[in-house]
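S.K.: So for the sequence shown, this note's numbering puts the first residue at 151; every next one is plus one.
Virtual Cβ for every residue (Gly too), placed ideally from N, Cα, C.
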Amino acid sequence: MAGKGAGGRAARGVRLTVNGEPVTVSGSPERHLLEALRVDLGRTGTKYGCGEGECGACTVLVDGTPTPACQVPIRELQGADVRTIEGMATGDRLNPAQQAFVETGAFQCGFCTPGMVVRATALLDRNPDPSEADIREALEPHLCRCGANARIVRAVRRASEIARGDRMRGP
Ligand code: FES
Ligand code: FES
151 MAGKGAGGRA
161 ARGVRLTVNG
171 EPVTVSGSPE
181 RHLLEALRVD
191 LGRTGTKYGC
201 GEGECGACTV
211 LVDGTPTPAC
221 QVPIRELQGA
231 DVRTIEGMAT
241 GDRLNPAQQA
251 FVETGAFQCG
261 FCTPGMVVRA
271 TALLDRNPDP
281 SEADIREALE
291 PHLCRCGANA
301 RIVRAVRRAS
311 EIARGDRMRG
321 P
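(1) Counting only the same chain and skipping the five closest in sequence on each side, list residues whose C-beta sits under 7 Å from that of N277.
(2) From L166 to A272, what distance separates their C-alpha atoms?
(3) For the beta strand (DSSP E) containing R233, list its first residue and its last residue.
(4) Taking only three categories from DSSP, how would you classify T263?
(5) To the nearest angstrom, report how far apart P216 and S178 are at their CA atoms.
(6) So is K154 buried or exposed if we call it buried at 16+ other beta carbons inside 10 Å?
(7) Measure from the alpha carbon of T234 to the alpha carbon of each residue in G214, C205, R307, then state which is nearest.
(8) Enumerate in chain order the residues of its own chain whose CB-to-CB distance from D275 is below 8 Å, with the five nearest sequence positions on each side excluded.
(9) Would you mind sorting R304 into buried or exposed? The rule is 16 or more other CB atoms within 10 Å of its CB.
(10) Nearest to L184 by CA position, among T174, E171, G201, is which residue?
(11) Following the continuous beta strand (DSSP E) through P218, name the residue where it begins and the one where it ends.
(12) Under a Cβ-count criterion, where at least 16 other Cβ atoms within 10 Å of its own Cβ denotes burial, should M92 be classed as buried or exposed?
(13) Rounded to whole angstroms, what is the Cα-Cα separation between S176 and F261?
(14) Quick check on T271: does DSSP put it in helix, strand or coil?
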């Protein structure tokens, strides 16, 4: 995570990229990334669940690492590269995790889904063929209040098949 630093930094604004777009976040440097995303930047795909780092609903990628946005003060994000659920698709083309969640109906209310998809995307980036145990371990920080966990695990398995197929077909 780039540039831990001075508390006064946010007076000038913290500059970072969100889904590849340069943004500046102003206000108290102690505010968390989740608030900046949802309130300042209107990226409401990232959900507020517990606010305590316990449910995974707010998971985004910070410099490629799945991170609970409710736990990260914006002062730590100078120069960071943040990717949210809104940045997972390429144009109209869903990424493999998104596509698999839709295909398998791996949600009920959908509140946990953005965080799950972000986590699954990061998992497949580092492990293209995860076992069921790998998937369950990766999803450990995430809660699904609707009890859709079995379908979610199946969706991530399906996402790995889609991603492998995409790689064989090429860009
Ligand atoms: S809202 Fe961040 S982990 Fe629950
Ligand atoms: S689908 Fe409702 S919380 Fe997971």
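M.R.: In this structure, then:
(1) D284
(2) 20 Å
(3) 231-233
(4) helix
(5) 24 Å
(6) Summary for K154: the model assigns pLDDT 42, below 50, so the residue's position carries little reliability; its value from the coordinates is reported in the next sentence. By the 10 Å Cβ count, K154 comes out exposed.
(7) G214
(8) G214
(9) buried
(10) G201
(11) 215-218
(12) Within the shown structure, residues of the chain are numbered from 151 to 321, placing residue 92 beyond reach of any answer.
(13) 28 Å
(14) helix
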